[in-house]
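Student:
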């Protein structure tokens, strides 16, 4: 399975955002929320890489 880094991040971001919206926890956009979301996305990306490997 070959997948490039950008595709992986996009996929993970999409999964995260889908979960985020389905949980209906849409907060006001703020830099703190964006940073938190990016951290969660990078953690998910790492977990996805580990799972694939």
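Residue numbers (our numbering): 8 to 60.
The beta carbon of each residue, even a glycine, is placed where N, CA and C say it ideally should be.
Do residue 16 and residue 52 have their CB atoms nearer than 8 Å?
Tutor: Closer than 8 Å, so yes.
Student: Could you give the distance in angstroms between the alpha-carbon of residue 49 and the alpha-carbon of residue 60?
Tutor: Approximately 16 Å, taken between the alpha carbons.
Student: For residue 11, which of helix, strand or coil comes out of DSSP?
Tutor: Three-state result, residue 11: coil.
Student: Helix, strand or coil for residue 24, going by three-state DSSP, please let me know.
Tutor: Of the three classes helix, strand and coil, the one that applies to residue 24 here is helix, per DSSP.
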